[in-house]
Each structure stands twice: as structure tokens, then as C-alpha cells.
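Structure record follows, encoded as C-alpha cells.
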Amino acid sequence: MRRARMALTRIEPGALALARLRCPFCGPSLALRMNRSDHGVRCLRCAASSIHLAMGAVLLEELPDLTDRDAYELSARGPLVAFLRRKVRSLQVSEFLPEVPFGHEKDSIRSEDVQQLTFADETFDLITHTEVLEHVPDDRSALAELHRVLRAGGVLVFSVPLHEGEVTIERARLRDGRIEHLLPAVLHGDPLRGGAGILAFRDYGGDIVERVRAAGFVRVELRAPRMAPSWLKLRKVIIAHKDAQ
Ligand SMILES: [Zn+2]
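The sequence shown runs 881 to 1125 under the numbering used here.
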């Protein structure tokens, strides 16, 4: 299934490259670059995308031992979920399923809205999400909720499409439950599931760091994953901490 999806990824002949890879999820492997986009690289063994490889590299660098972590990942499948399931003490996953009451499950997948999580305060030691926040209408509420459900000393690691030298631009907002477009609609393809794409409410700039800090996080940084080969050029990942008190 994953391999089939991989075959559908756009191939730029001039960008094709193959090299040895130490995959954070599956170990010694090969990296295949199919194009120069943020999603253009795959691990040939576990099919992890560039985004997931970046997340895995930063996670392992920051937290080499995950065995004492109760973790929460805001998606229910993929190589990052499989990796966390093997490494952490406990793993909670969820998806945004608007048709399912939040906190309830459908087909064993819990439905959650990150703007109003149903978890108790201080439930997790580690929270991860990839390519979620730009699709959330009120990302400040989302960040405040993620801070609330993290324990003191907990860590948040996530990725968003990032325009580092720029400031964040709001593209759309919710008004009385309706989407109001401030700029032409941009839909991001969902590299994990395909489909029509999801509306991006904003384009994040480097000032995302201030936005995360404003939600109460400390030691917030954009971390460049360190991984060979050099042409991987993985996107920076945001890492933030909840004060240990
Ligand atoms: Zn792999």
C-alpha cells in the first residue's frame, strides 16, 4: 500500500538520487530522492517521508531514550506512529474526525480537536504532530491545549511547512463557523492519505517560535535535523518544552 503511494509521487528525473541512509525508524536503509519538494525523499525500507525522517532525527537527538515517556501523536498511522509505539511507555493517537464526538472512537481511532482536547491536564510527557497546525483555524488555542495536556518538563516536537525568513501570513479564518478567505485558498495534499487536500489557514514564518512561546512553552527552537546524505536537506522541526517548575 505504502509502496503504491510512493510510486504515485511526482518524479523529477533531474532530482533522482539514491544514497545510504541511517533511518531513525528502521535503521540501515537507502534514501531515494524523487523530487526537490519537502515531500520528495523516502526511506526505501519503511517508506518514511522527508518530513517524518526530520521528525525522527530530531526526536532521537533530543530524547535518545523514550522508554519513560507517555506520548501523544496527532495522527493514527504512518512510520512515526509505528516508531513511537515501539519506543515509548504508552502511546495515544488521534485524528480529527468531525463526525465523531471528540474523545470518542470510530474504528478504534479516537477523535480529537486540538483546539479543545478532551484529555486531562498534564497527561503526556511527549507530544508530536506533523503538518497539522497550519490546518487548524485557531492555532493559538491549539498550542495552549497542547501545553495544558503536557506534564511539567514535557516536550512538544512538530513540523509545519515553514518559510523561515518570513513572517506568518494568515490565509483564512473562521467567522461564525464559516471559512472566510483572506487570500486565495491553498489546499495541501495529504501525503499520507491522498485525497482532495486540506485548506491551509496560514503560511508559517520563522516567527512561529514566538507563537509557540506565547502559549507558555520555553526553550522553543527551530532545529535542523542532522542526517546524511547532505542532499536530504530536511526541513527544520519545531521543538519546545514545558517548564519543569
Ligand atoms: Zn526507514
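Beta carbons: idealized from backbone N, C-alpha and C, even for Gly. Being a predicted model, the structure only gives us computed values, none of them experimental.
Compute the distance between the beta-carbons of residue i and residue j, then report whether it is under 7 angstroms.
i       : j       : result
Ala1120 : Val1100 : yes
Leu1023 : Ala1095 : yes
Gly1085 : Thr1048 : yes
Asn915  : Ala897  : no
Thr998  : Gly983  : yes
Ser909  : Leu933  : no
Asp1005 : Arg949  : yes
Glu1050 : Arg1020 : no
Gly1045 : Ala1124 : no
Val968  : Leu946  : yes
Val980  : Val994  : no
May I ask you to report which of helix, strand or coil DSSP gives residue i?
i       : result
Gly907  : strand
Leu1013 : helix
Arg1103 : strand
Lys1116 : coil
Val1088 : Note that residue 1088 is Ile in the sequence shown, not Val. Three-state DSSP puts Ile1088 in a helix.
Arg1093 : helix
Ser1039 : strand
Gly1034 : strand
Ala895  : helix
Ala1080 : coil
Leu1072 : Its pLDDT being 48, under 50, Leu1072 is placed unreliably in this model, and the value from its coordinates should be taken loosely. Three-state DSSP puts Leu1072 in coil, outside helix and strand.
Asp1123 : coil
Using only the heavy atoms of ligand 1, determine whether one of them is closer than 6 angstroms to the beta carbon of residue i.
i       : result
Phe1081 : no
Arg925  : yes
Phe963  : no
Ala928  : yes
Ser955  : no
Ser909  : yes
Phe905  : yes
Check your understanding: Counting only runs that start and end within the segment 958-1032, where is the alpha helix (DSSP H) found for 4 or more residues in a row?
Key -> Restricted to the segment 958-1032, the alpha helix (DSSP H) segments that are unbroken, complete and at least 4 residues in length are 959-967 and 1019-1029, listed in chain order.
Exercise for review: For the segment 921-965, list the beta strand (DSSP E) runs that are entirely contained and at least 3 residues long, ordered along the chain.
Suggested key: Counting whole runs of 3 or more residues, the segment 921-965 contains the beta strand (DSSP E) stretches 921-923 and 950-953.
Review point. Using 8 angstroms as the threshold, is the segment 1004-1022 in touch with the segment 1033-1040, meaning 3 or more CB pairs across them?
Key: Touching, yes.
**Study point:** At least 3 beta-carbon pairs within less than 8 angstroms: the segment 1060-1068 vs the segment 1085-1094
**Key:** Fewer than three Cβ pairs drawn from the segment 1060-1068 and the segment 1085-1094 lie within less than 8 angstroms of each other, which leaves the two stretches out of contact.
Exercise for review: Would you check if the segment 922-938 and the segment 956-969 touch, i.e. whether three or more CB-CB distances between them fall below 8 angstroms?
Suggested key: Touching, yes.
Review point. Are at least three pairs of beta-carbons, each pair with one atom in the segment 933-952 and one in the segment 1104-1121, less than 8 angstroms apart?
Key: These segments touch.
Practice item. Pair every Cβ in the segment 969-976 with every Cβ in the segment 1024-1037, then say whether three or more of these pairs are closer than 8 angstroms. Key: Counting Cβ pairs under 8 angstroms, fewer than three are found: no touch.
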